[in-house]
Amino acid sequence: MRSTMKSFAAHTDHSQSDSTFLVFMSHGEKNIIYGTDVKKDVTRGLHVDEIFNMFNNKNCPGLRDKPKMILIQACRGNERSRVLVSDGAQQPANIKQEDLEADAVWLMHKESDFICFYSTTPDTVSYRDPAKGSLFIQSLIDFMKKDAHNSSIEDIFRKVRYSFRNDIQMPTLDRTTSLKKFFLFPGY
Numbered sequence: 001m002r003s004t005m006k007s008f009a010a011h012t013d014h015s016q017s018d019s020t021f022l023v024f025m026s027h028g029e030k031n032i033i034y035g036t037d038v039k040k041d042v043t044r045g046l047h048v049d050e051i052f053n054m055f056n057n058k059n060c061p062g063l064r065d066k067p068k069m070i071l072i073q074a075c076r077g078n079e080r081s082r083v084l085v086s087d088g089a090q091q092p093a094n095i096k097q098e099d100l101e102a103d104a105v106w107l108m109h110k111e112s113d114f115i116c117f118y119s120t121t122p123d124t125v126s127y128r129d130p131a132k133g134s135l136f137i138q139s140l141i142d143f144m145k146k147d148a149h150n151s152s153i154e155d156i157f158r159k160v161r162y163s164f165r166n167d168i169q170m171p172t173l174d175r176t177t178s179l180k181k182f183f184l185f186p187g188y
């Protein structure tokens, strides 16, 4: 996976594209994706940070200022995601703006225009039907077929998440730095 990504990131024809999709469908655990040649060896797995690093503005200038969709269909842990809940609500923590600190100052942030959509929340498993495949990918494809001509990718992702509201896993957006709405317009 690593060498394929490096080769793709180095392509000179990115200047001809408007965006890119990076789709990972494999086994994994928290922040690690395993290739077919890696039998759950954390030291050899692909860390999610490597994906962002290879395609950031510094290392992949051909995709600078272009949407980069990262779709990850992989477990993020071994926990099951269904729990029993009560009707009680907790108040969110109050954070004051003056208590926040900037991590870094950049003329251009090295990770801009990313949207990363995981098949499940951190620490939980991701499911697939033996005959149909990934529940997440199937739902995403269904909504893209139905709504890509008139909905932004973020709205499609929201619809996918909503479709899992009573299911055994919950897709999640993570490390999203996109500032603009992104539309696909597939031949309409």
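The sequence shown begins at 1 in the UniProt record's numbering and counts up by one. Every residue, glycine too, gets a C-beta built ideally from N, C-alpha and C. From a predicted model like this one, the values you see are computed outputs, not experimental measurements.
Y118 and D13 have their C-alpha atoms some 27 Å from each other. The three-state reading of DSSP puts S15 in helix, counting H, G and I together.
The beta carbon of K58 is closer than 7 Å to those of K110 in its chain, skipping five residues each way along the sequence.
A contact is defined here as three or more CB-CB pairs under 8 Å, and the segment 121 to 136 fails this definition with respect to the segment 144 to 159.
Rounded to whole angstroms, L46 and H27 show a C-alpha spacing of 11 Å.
Counting only the Cα atoms, F183 lies some 12 Å from K66. Per DSSP, D49 is not a residue of any beta strand (DSSP E); the alpha helix (DSSP H) it occupies stretches across V48 to M54. A direct Cα-to-Cα measurement between K159 and K146 gives close to 11 Å. Each residue's CA atom was taken as its position, placing S17 and P61 some 12 Å apart. For T36, no pairing in a beta bridge is given by DSSP.
Per the DSSP secondary-structure output, E111 pairs with nothing in a beta bridge.
Spatial neighbours of S139 in its own chain (CB-CB distance under 6 Å, excluding positions within 5 residues in sequence) are listed in chain order as V160 and S163. Its chain contains V23 and F117 as the residues whose beta carbon lies nearer than 6 Å to that of L71, once the 5 sequence neighbours on both sides are disregarded; these appear in chain order.
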